[in-house]
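Chains as they are written, first to last, in the numbering used here: chain A, -15 to 141; chain B, -14 to 504. Input: a single structure, listed below in structure tokens.
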């Protein structure tokens, strides 16, 4: 499948990574590539580049829309991309950690959450004050199971 | 010689400074010299110096007696005043001379001439034309020795601003009742508003306070109010505290309209700070045909910007989000179709207009808009002047509109819209949306926007946002967050996450946006 990877949320003011950022992208991307998927990383210049086949940074909205509509699906953290994709009715996988998919997720997408026990208490506080915790996310193999089921079901089409 | 009491002399010295004064009855020039010595700019003083020429017998006898007793003559008086270059002594009958003087020239008139009823009446009528607006007219010898003076002064309809022994002082202006409708602001902003009234250049004649507080206090027992009430007494401002029926400000305003016995009513919020020229400026603009006058009402919680072109005071363009003309900076007098919050209005115009809209809820949302517009519909002009400023603190604690049931606001708004339609207006309200949040939120909102558009029925949609490119293909007006801040002040009420937290909303942000903007 042609899969868009939207891996990061905006960094915190102190330069540390956002609490919503998935810690195992490197492994996940390698696993996805080993399954034969074509990966396109989107984001902004300055962000870490993952070993995807294509890197497309700093796209305009129309360019991003073009990439989205020409891909099969996407995998993203809880950043703007799932909302953008939902607007264009493109289904994807969203990896949640401390943010609540019932609030920030879309029913259209597959929202992957390790446990509701991991959610932060006040969902409406600024995220820049929230520390990152790698333990609140599912492991890459769990994502791989989701994408394999997804691929097999053809639901993304 | 000055034939006045010490208190009268002190008062006259206090008020004469910097004024152009017309005096009827020079006598030996004592009071003219006193006023010039106290810093009067100019004194024009008129005397006949011929008691025999007076027509009224009683006056003539009194005048003859005094002239003989004090050996008054024109020559002696001129000698008494010779050192004052800015004194103009005119000899002749005041009834003949005064009409020849320039209209609106004098800041003050002192009438101490012919003490007969007819003489005082004539001097009063003639000199009033020569007084500037807000000028003072003083009458001496208002006591039982001079029944003619007493009788004539009982018929003066101008606001009486002072009585110092036998010196009675009126002001050439419309009389004013200031009215405050208050609730639960005893120890926050109400005392500030009252002190702002006390320190006006021109003070109202009466202050009515309608108290709708939950736990009513007798303010006469509270030290700060004891001070304020003493000052009101000192300034000659009659005052009255009325325990309200706790049915909201509209009823209180209507009661004020019924209770006031003055030409004008100055309605004031209970969280205002006033510059000292407000009432003076409002009165200056209350010309014939004007029904109500407002001034700048600035909010310290938002920057004051130049009047945007779309704020034109038209009632059908009313957008409460965009604010009223009074909120902005502008030059020159503006005619408007409605007034905001606190303004001066002519009582007769309000009565002709049918008074306040009594079918609104306790909140009284839009009551001043409807009320002021009714005055306009009764044939009077509504004016906003930028030459005076009040500062509306919008105190979050208390306030006459501090009712918890938010649906009351909506009910009143719907009534207002129906009324506009009855009046033949097509209400045009802008839909204001503020997205001071992340790019993702913008995309979620973009979905909600389609639903808003579907029910907007032609309403102009204005979106203040951080990522305008998201809405580039939508037919909406885009402004920046900075513009929104300038126009609407504090944007907290548009903060999605704050809204969610306050409403304990744990549904999706799409649903939250819908709740914020679709309901």
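Ideal Cβ placement from N, Cα and C applies to all residues, glycine included.
Let me know if residue 142 of chain B comes out buried or exposed under the rule of 16 or more other beta-carbons within 10 Å of its beta-carbon. exposed
Look at the alpha carbon of residue 493 of chain B and the alpha carbon of residue 93 of chain A, and state the distance between them as a whole number of angstroms. 13 Å
Can you give me the start and stop residues for the alpha helix (DSSP H) that residue 11 of chain A sits inside? Where residue 11 of chain A is concerned, the enclosing alpha helix (DSSP H) stretches over 9 to 18.
Relative to the ligand ADP, is the shortest distance from any of its heavy atoms to the C-beta of residue 72 of chain B smaller than 7 Å? Because no ligand of any kind appears in the structure shown, any question about the ligand ADP cannot be addressed here.
What are the boundary residues of the alpha helix (DSSP H) that residue 437 of chain B is part of? 424 to 441
Rounded C-alpha distance that separates residue 500 of chain B from residue 394 of chain B: 17 Å
Within 10 angstroms of the Cβ of residue 289 of chain B, are there 16 or more other Cβ atoms? Answer buried if so, exposed if not. exposed
Pair within 8 Å by beta-carbon distance, residue 120 of chain B and residue 44 of chain B: no
Please decide whether residue 1 of chain A counts as near chain B, where near means a Cβ-Cβ distance under 8 Å. By this cut-off, residue 1 of chain A is not an interface position.
Under three-state DSSP, which class holds residue 237 of chain B? helix
Under the rule that 16 or more other beta-carbon atoms within 10 Å means buried, what is residue 119 of chain A, buried or exposed? Exposed, since its Cβ has fewer than 16 Cβ neighbours within 10 Å.
Coarse secondary structure for residue 107 of chain A, derived from DSSP in three states: Secondary structure at residue 107 of chain A: coil, using DSSP grouped into helix, strand and coil.
Chain B residues whose Cβ lies nearer than 7 Å to that of residue 67 of chain A: 425, 428, 429
Chain A within 8 Å of residue 520 of chain B, Cβ atoms only: Only positions -14 to 504 of chain B appear in the structure, and residue 520 of chain B is not among them; the question remains open.
Does the region 241 to 261 of chain B come into contact with the region 165 to 174 of chain B, if we say contact requires no fewer than three beta-carbon pairs (one atom in each stretch) closer than 8 Å? yes
Do you know how far the Cα of residue 160 of chain B is from the Cα of residue 176 of chain B? 23 Å
Closer than 8 Å is the cut-off here; do at least three beta carbon pairs connect the region 117 to 131 of chain B with the region 88 to 96 of chain B? yes
Assumed close pair residue 340 of chain B, residue 193 of chain B - CB separation to whole angstroms, cut-off 8 Å: Rounded, the Cβ-Cβ distance is 15 Å, inconsistent with contact.
Taking only beta-carbon positions, decide if residue 451 of chain B is within less than 8 Å of chain A. no
So which residues of chain A does residue 491 of chain B contact, with C-beta pairs closer than 8 Å? 84, 86, 87, 107
Using a Cβ-Cβ distance under 8 Å, would residue 63 of chain A count as near chain B? yes
List the residues of chain A that residue 494 of chain B touches, going by C-beta distances under 9 Å, in chain order. 67, 87, 88
With a threshold of 8 Å on Cβ separation, who are the neighbours of residue 382 of chain B within its own chain once the five nearest residues in sequence on each side are excluded? So the qualifying residues of the chain are 169, 170, 173.
Could you tell me if residue 91 of chain A is buried or exposed, where buried requires 16 or more neighbouring beta carbons within 10 angstroms of its beta carbon? Burial call: exposed.
Beta-carbon separation of residue 100 of chain A and residue 114 of chain A under 8 Å? no
With 16 as the cutoff for other CB atoms within 10 Å, does residue 72 of chain A come out buried or exposed? Label assigned to residue 72 of chain A: exposed.
Is it true that the region 361 to 370 of chain B meets the region 263 to 283 of chain B, where meeting means three or more beta-carbon pairs spaced less than 8 Å apart? yes
In whole angstroms, give me the CA-to-CA distance for residue 305 of chain B and residue 67 of chain A. Legend: pLDDT at residue 305 of chain B = 47, less than 50; position of this residue unreliable, no value from coordinates given.
Closer than 8 Å to chain A by CB, residue 482 of chain B: yes
Residues of chain A with CB closer than 8 Å to the CB of residue 454 of chain B, please, in chain order. 44, 45
Give the secondary structure of residue -5 of chain B by DSSP, where H, G and I count as helix, E and B as strand, and everything else as coil. helix
Roughly how many angstroms lie between the CA atoms of residue 5 of chain B and residue 313 of chain B, to the nearest whole one? 36 Å
Between residue 433 of chain B and the rest of its own chain, which residues show a CB-CB distance below 8 Å, the 5 nearest in sequence each way excluded? 495, 498, 499, 502, 503
Take residue 14 of chain A as the anchor and find which of A:128, A:53, A:137 has the nearest alpha-carbon. A:128
Per-residue DSSP class, three states only, for residue 333 of chain B: helix
DSSP three-state label for residue 305 of chain B, please. Only weak support is given to the placement of residue 305 of chain B: the predicted model assigns it a pLDDT of 47, under 50, and the value that follows is read from those uncertain coordinates. Looking at residue 305 of chain B - three-state DSSP - the assignment turns out to be coil, as it is neither helix nor strand.
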